[in-house]
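Student: Quick one: structure below, then a few questions.
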Amino acid sequence: MEPFSLAETNSSVPQEKFHVLVGVTGSVAALKLPLLVSGLLEIPGLWKGRSDPVLHIELRRWADLMLVAPLDANTLAKLANGICDNLLTCVIRAWDLHKPLLFCPAMNTAMWEHPITAQQVEQLKGFGYTEIPCVVKKLVCGDEGRGAMAEVWTIVESVRRILEERGLPTQS
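Be aware that the sequence shown starts at 1, since it is given in the UniProt record's numbering, and climbs by one per residue.
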């Protein structure tokens, strides 16, 4: 299949700015994405170039503190191993290590108690991230044990404490 050129079509394109968000799923038809994007890039005004913001970098710059709540076992493993395959993991991979990042693990007790989980949590702490530990309670799956996300008030108080340490207002 040859790439097509929109320049070859004689359609008039309005000069006002227009934003196209392309969503891609796991269908085998995703193989056509490079051709689709190539065609879209030929439409004048759809792509600005190098000055276009990169969302995960913009979010990193915008935020003063990052809170990951809940942090599931899958994303914990991704972060500990440097995998950045979605917006959240990309923001965290690009995170300014001088800014606080708090994470609240939440998973089934069997997953929490697996030896690799402790290694992965220590890896994140080694980056300077702060763990807000999970708690023991009856989990959604019906099991009783450690793995539930910390209580909301505990998480809020942890954020409040960091704000106070930085001299920022914590009351309205």
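We treat Cβ as the ideally placed atom computed from N, Cα and C, and that holds for glycine.
Leaving out the 5 sequence neighbours to the left and right, which residues in its chain are closer than 7 Å to H56 when beta-carbon positions are compared?
Tutor: Closer than 7 Å at Cβ, skipping near neighbours: L87, C90, V91, A94.
Student: Does the pairing of the region 61–79 with the region 34–46 give three or more beta-carbon distances under 8 Å?
Tutor: At 8 Å Cβ cutoff, the stretches do not touch.
Student: Hey, quick one: how far does the beta strand (DSSP E) through M66 stretch, first residue to last?
Tutor: That run of the beta strand (DSSP E) goes 66–71.
Student: Count the other C-beta atoms from every protein chain shown that fall within 10 angstroms of the C-beta of Q119, then say buried if there are 16 or more, exposed otherwise.
Tutor: By the 10 Å Cβ count, Q119 comes out exposed.
Student: Kindly indicate which three-state DSSP category L31 falls into: helix, strand or coil?
Tutor: L31 falls in the helix class under three-state DSSP.
Student: Can you give the Cα-Cα distance for E113 and L101, rounded to whole angstroms?
Tutor: Cα to Cα, the separation comes out at about 23 Å.
Student: If I follow the unbroken beta strand (DSSP E) through R93, where does it start and stop?
Tutor: R93 -> not in any beta strand (DSSP E); alpha helix (DSSP H) instead, spanning 87–93.
Student: Report, in whole angstroms, the separation of the C-beta atoms of T109 and L139, which I expect to be a contact under 8 Å.
Tutor: Right, their Cβ atoms sit about 7 Å apart.
Student: Would you please state the rounded distance, in angstroms, between the beta carbons of L71 and P105? I believe it to be under 8 Å.
Tutor: Right, the Cβ-Cβ distance comes to about 5 Å (below 8 Å), so this counts as a contact.
Student: My understanding is that I132 touches T117, with C-beta atoms under 8 Å, so please give their C-beta distance in whole angstroms.
Tutor: So it is not a contact: roughly 15 Å between Cβ atoms.
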